[in-house]
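Here the protein sequences line up with chains A and B, keeping their order. Count the first sequence with our numbering and you get residues 9 to 241, in order. Count the second sequence with our numbering and you get residues 4 to 1169, in order. We put the CB at the ideal spot given by N, CA and C, even for glycine. As the structure is a computational prediction, the values presented were derived from the model and not from experiment. Reviewing the structure listed below.
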Amino acid sequence: MEYIKLDNVHKRYKMGEVTINALNGVSFGIDKGDFAIVVGPSGAGKTTVLNLLGGMDSLDEGSISVDGKNIAEYNQKMLTEYRRNDIGFVFQFYNLVQNLTAKENVELATQISTNPLDVEHVLEMVGLKDRMNNFPSQLSGGEQQRVAIARALAKNPKLLLCDEPTGALDYMTGKAILKLLQDTCNSTGMTLVVITHNGALTGMGEKIIKMKNGRVSEYKINKNPIPVERIEW
Amino acid sequence: MGQNSFLKDLVRTIYKTKARFFSILAIIAIGVGFFAGINATQPDMLLSAEKYFKEHNLSDFKIISPLGFREQDLEEISKIRGVKDIQWGYSKDVFLNFGGATSSIVKIFSFDADDFIDSKGQNIPLIREGRMPQRPGEMAIEYGINVPKELKIGSKVDLYLPEGENIKNYIKSREFTITGIIDSPLYINLERGQTNIGNGSIDFFAYIIEKDFNMDRYNDVFISTNESKNLSPYSNEYKEYIASIKKPLEDLGKRAIEEETGELKEELKKGMEELKRNKEKAERELAKGEKELLDGQREIEEGEEELAEARIKYIKELEDGRLELEKGKKDWEKGREAYLENYEKWLEGYAEYNQGVEKLNNAKLQLDKAKIELDQGEMELQEAKAMLDEGKNQLDILEESIVQLKNLRQIIVDGPSLSQEEFNGIVDNIDGLPKEVKVALKESYKYIVENPEGVLVVLNMTISRLEEELASGKKEYEKGKKEFEDGLRKLNEGKELYKTSLKEYEAGLRELRAAKVEIDKGKSELDKAKTLLSENNFKITQGEKELEQGRIELEKSLEEGQEKLIEARGELSKGWSIYNKEKEEALEKLREAEIDIRDAQRKIKEIPEGWFVIDREGNPGYGDYNDDAERIGAVAKVFPLFFFLVAALVCLTTMTRMIEEERSQIGTMKALGYNTLAISSKYLIYALLSSLVGALVGLAIGFKLFPIAIMNAYGIMYRIPERIAIYHYDYGIISILLAVFTTVSSSLLATLQELKSTPAMLLQPKAPRPGKRILMERITPLWKRLSFSHKVTARNIFRYKRRFFMTVIGIAGCTALLLAGFGIKDSIDILDVQFGEIFTYDGQIILDTNKEEGKRDLEEILGKEREVDSYIRALNQSVEALVKDSDRSYNVNLLVPENTEDFKEFFDLHERVTKKTLDLNSKGVIITEKLAELLKIKLGDSFEFRDTDNIRYEVEVKGIAENYLSHYIYMSPEYYDNIVLKDPLYNGGIFTVKDINNLDKNNFKEKLMAHEGVLATFFIDGIAKEVHYSMDSLDYVIMIIVLSAGALAFLVLYNLTNINITERIREIATIKVLGFRDKEVASYVYRENLILTLIGTFVGLILGVFFHKYIIATMEIDEMMFGKNISLLSYILSIVLTIIFSILVNIFMYHKLKNVNMVESLKSIE
């Protein structure tokens, strides 16, 4: 039984009189502890998939089961609890609270979590122990993204979702971030879903889901993921 | 983007942000409406009055002549420059009886229809119902609150005058029928002025036709001037113009009155002078008599004193004499005793002397005997001595002989170189040798040569015999010598003894002789003492006799003195009693004289000085109306401005925020090549549209709503028939400009600010404002104690300074407005203090002083009612307190209690701040606080008031009492007498009842009113109710303020919270994604709002207190003093209301927060 299973998921947005089918019957599965990568061009529906998976949006048709539970049937309240306890989210633009220090940003998450990790330990893990009392504006992009990852990890989620985590970063920093994610996944056994439009990255995933026009165009299981260091793009 | 798409974009933006657009519009509308509306109220009020006055030709002057006008007077008046129209008539104050029960005091004016043809004439009555009187016996009455409700068209009324005056002398008929109900521009408020009948205040006015009057002369003249139609009443130009005409009118009046009363006045003055002189003379005589009597009395008293002193002195002297005598006696006794004692002693001494003489003689004899013996002894001794000496001589010779013998022997031994002769010579030279020896020896010489030895033996034998002889002789001599020496010693001893004895004897003799002298002297002293004693004895007897004589004489003379004094005293008391009797009479006369003088003064005072020329300020309510308008104008200067500022501030924030939000669009446009004007014009037009429309809406509503509402509120107090609220272009343009300027300029500034950046930068999401440590974090102990979310809140509050200040200012403004509004309500809520703490009586009755005294005896009326607890007689009169150098006056109650001590039971007069109780005294008056303020006088100052007979009095202020409602002058009867120059005519009673709550007031009133002498009776709770009713109008104004403040508060909060949320939408979305529950999200945002609201509220309370003070100071109406404090409840209400608004807004926003779309919000900015 797969840990995460999307089955014929549809999502439509109504813009006035126009209806846009963002997802048009998406189905795939990811096992526990997998490093899954969702790739595809802009507008393929990657982010929509991630939003649905993260409980930030509701779907119109189909089902999404996470750890045996169908979150498609969740109401708003249940979704909030789901986000609170099971999901860690990393955004392209970090979305740190500017008015909080790195440490406090992490605490913002651990505060509401039932089983959080030690904040300082997590910050050490992402290599920011020395800078944890800095405000986001005092940190570089990569560092900010590390804080965002630490914030997601500290909640000790079942599922870590990353939406273009390297999109706003330069090559080297991006690589470092990806390495951090891959290492974390390997060491903690956390299930990780990363969205990227960069096809070069697909090699590092164990599950590769290629999307196009709101559908899964290719689903690939990669038995031998390549370490990030060896990937060039 | 062409014109078309520009417009489309604009319309769509407005549509999309309609909440923001309309909130700006609404805030501007409220701000502008309030600002312009309240500001318009003052001019609108004045315009309404002006319209009324001009349409109804309100006269500029009213002239009253106490003597009536003569034909020539009227002519003279019309000749004065500036006088355009002159209208004359009659007026008379009468009692009006309707249906028997109630009687009112009414001012009746004459109405001559001819004056009013073609809307000419002055003070044109405004007909409310029916018509003006046309025929005799018809009457139009006014439409006021003091008119009995039952009085309607067709009602018949009865006119009469106080007893002693005949109405027929003034008005031809007594009965009138009501034909119309009117208003007059002469009376625009509830006051109707004063009169000299009844309780002194007119209830209402009425018109009858001129022909119904039966008076010789017109006594009212109304004047309109050339400019009365041109100048605005209340304007300075008008005032100056009127003043220039008033002077000649007054001068004319003085001359006219002088012509008629000069002689009378002169006579009165002369009479008074005469009276004064007589009085002074009588006083002098009285004083002289008293002085004489007092002198006599003083003399008697002095005599008495002298007598008493003499008595004491003489008695003391007698006593001294007696004491001395007694002492002398005692001394004499002592002397006698001493004499006797001495005599005895002398006798003893004399005996002793005789014995001494005898002894001495004996001693003499013995001495003589001893002398003889001694002489004998001495002789014997001398003989013995001679013998001894002889013996001695012999011995010496013997001894010499021995020596020579020895020498001889030696010579012999040594060698006989001696011749016989020599030998013989030597032997012959030895005296002691008896001749035979010598011879023998000489013989022996021959032997010397042959036998020396033998010679020597012979010699030796001789020597031995001689030595033997010498030894025994010596012994004999020694013995004799010893005996002689003994004898000599004894003799000497005897001689010595004799000598001493003789000396003793001689001493004894001397002593004795001295003793004899002594004794003789003692004897003579004793004899002298004896003589003295007998002499003294005589003296003492003599002294006793003299003393007795003295005593008798003293007693006699004292008795005589006493008798004389008693006689004098009797005469004096006779003198006093005569004097007292005469004094009584004299004083009575003096009192009469004083009263005569006072009456004379009074009469002089009563003679008018001139006409009473009264300009419009003298019309009841005319001045008050302007004051009230000015008061609102003053409030308008601050209150709405503040309001407006808050509104502008919020719009500014909102527009700035909007432009920040549209940053990327601005960037795109700029990137596409649009110029600054094109880009910014969208926002400018947006701001312009919202603020302009808002301002127009606000003006449209505000110019009508606020002036009308406020005028309606004041309408209860003022009878201005038409309330005009016009659109004031000045205020309109100012407020539109202000509103548009603030919003548009803030939009322009914000756009320009954004446009400074390059398009590329603009297309990037705006760099979030960096986080910063706040000051509080440095206080580590405090910071550590805060929970995580509180830290976030604290940091957020201080991070967004603009938001902080906007919110605090906005909320503070609202709270301040609310507090001021409620505070005003507290301040006008002064009835409890007035009727609970200051007026401690329950009711008053007014008596008809024209009735005979028995019918208005309070003892009879109140004393017998068992409901009444206590009562006091008082004079209660309505007077006018005059403002210095002005026609302006204030209606004041003059209250003179009969007894100033009992008075305290009914009025608690005290200073407001110090609570010091004020007592009435004969030095001056106590006035109420507001009156002092209006007259601008302080403790110790003087002011004038005018009674209903138009006579002025000057009084000194000795106390200023807390009081809130209407004005009072409290005066002691003594002071009244001094000032008014007559005894107070007590026309009322003030009373307390035993149980006010359970009293059937109507029944009680009826009982009192049944007495013929009672004109009216009222309870203070009735007044309280009436006042309360009129206060409701002010409540209405306050309601407007509070509601407007509330609306503003709500909008401000809504807007600020809205901005707060949109500004932080990403942050909110982020924490939602993190799994914050809705409530957690809300509290994350609202905690800040709440704290800002609290800070704002606190600041607002402080602001509000000052605000309230200012408003109270400017808003107060003349008839009242407002309380100066805000109640706790008002504070609480303001706080609670602000917080409720804040909570309401938050609830409103909760929905919005809940629906924040995470996906949309977190998308990178397009």
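CB contact check: residue i to chain B, cutoff 8 Å
i	result
Asp65 (chain A)	yes
Asn16 (chain A)	no
Leu116 (chain A)	yes
Asn123 (chain A)	no
Asn59 (chain A)	yes
Below-8 Å beta-carbon distance, residue i vs any chain A residue
i	result
Glu1169 (chain B)	Low confidence applies here, because Glu1169 (chain B) scores a pLDDT of 36, under 50, leaving its location unreliable and the question unanswered by this model.
Arg1213 (chain B)	The requested residue 1213 (chain B) does not occur in the structure, where chain B is confined to residues 4 to 1169.
Phe791 (chain B)	yes
Met4 (chain B)	Because Met4 (chain B) sits at a pLDDT of 48, beneath the cut-off of 50, its placement in the model cannot be relied upon, and the point is left open.
Met48 (chain B)	no
Val653 (chain B)	no
Residues that residue i contacts on chain B, provided the C-beta gap is smaller than 7 Å
i	result
Phe99 (chain A)	Leu1165
Val105 (chain A)	Glu1070 and Thr1073
Simplified DSSP assignment, three categories, for residue i
i	result
Thr503 (chain B)	helix
Arg949 (chain B)	strand
Met39 (chain A)	According to the sequence displayed, residue 39 (chain A) carries Asp and not Met. Of the three classes helix, strand and coil, the one that applies to Asp39 (chain A) here is coil, per DSSP.
His205 (chain A)	coil
Asn103 (chain A)	coil
Ala176 (chain A)	coil
Lys941 (chain B)	coil
Val916 (chain B)	coil
Phe1125 (chain B)	coil
Ala52 (chain A)	coil
Met4 (chain B)	The pLDDT assigned to Met4 (chain B) is 48, lower than 50, so where the model puts this residue is not dependable; a value taken from the coordinates is nonetheless given after this. Of the three classes helix, strand and coil, the one that applies to Met4 (chain B) here is coil, per DSSP.
His793 (chain B)	helix
Asp728 (chain B)	The sequence as given places Ala at residue 728 (chain B); Asp does not occur at that position. Ala728 (chain B): coil per DSSP, three-state reduction.
Ser71 (chain A)	strand
Pro710 (chain B)	helix
Within chain A, the residues that residue i reaches when beta carbons sit closer than 8 Å
i	result
Phe1079 (chain B)	Thr88, Arg92 and Ile120
Glu1083 (chain B)	Ile120
Val1148 (chain B)	Ordered by position in chain A, no residue passes the 8 Å Cβ test against Val1148 (chain B), which lies about 23 Å from the chain.
Contacts that residue i makes with chain A (C-beta to C-beta distance below 9 Å)
i	result
Asn1092 (chain B)	Simply none; closest approach about 16 Å.
Contacts around residue i, its chain only, beta-carbon distance under 7 Å, and the 5 residues preceding and following it disregarded
i	result
Pro724 (chain B)	Tyr55, Leu129 and Asp186
Gly735 (chain B)	Ala39 and Leu702
Asp75 (chain A)	Tyr11 and Lys166
Cut-off 6 Å between Cβ atoms - residues of its own chain near residue i, not counting five sequence neighbours on either side
i	result
Glu214 (chain A)	Asp42, Phe43, Asn230 and Pro233
Ser1130 (chain B)	Asp829
Asp944 (chain B)	Val960
Ala32 (chain B)	Gly697, Val700 and Gly701
Lys187 (chain A)	Val236
Arg314 (chain B)	Leu561
Neighbour list for residue i in chain A, Cβ cutoff strictly below 7 Å
i	result
Met779 (chain B)	Chain A residues near Met779 (chain B): none, gap ~13 Å exceeds 7 Å.
Met1161 (chain B)	Met64
Val14 (chain B)	Going along chain A, no residue has its Cβ under 7 Å from Val14 (chain B), so there is no contact; the nearest lies around 16 Å.
Own chain, CB closer than 8 Å to residue i, minus 5 neighbours either side, in chain order
i	result
Lys257 (chain B)	Glu612, Gly613 and Trp614
Ile318 (chain B)	Leu557
Cβ pair count under 8 Å reaching 3, the segment 1147–1160 of chain B against the segment 845–852 of chain B: no
Any 3 or more C-beta pairs closer than 8 Å across the segment 238–257 of chain B and the segment 582–590 of chain B: no
Stretch-stretch touch, CB-based, cutoff 8 Å, three pairs: the segment 141–161 of chain B with the segment 1087–1096 of chain B: no
Validate contact between the segment 228–242 of chain B and the segment 92–100 of chain B using beta carbons, cut 8 Å, 3 pairs: no
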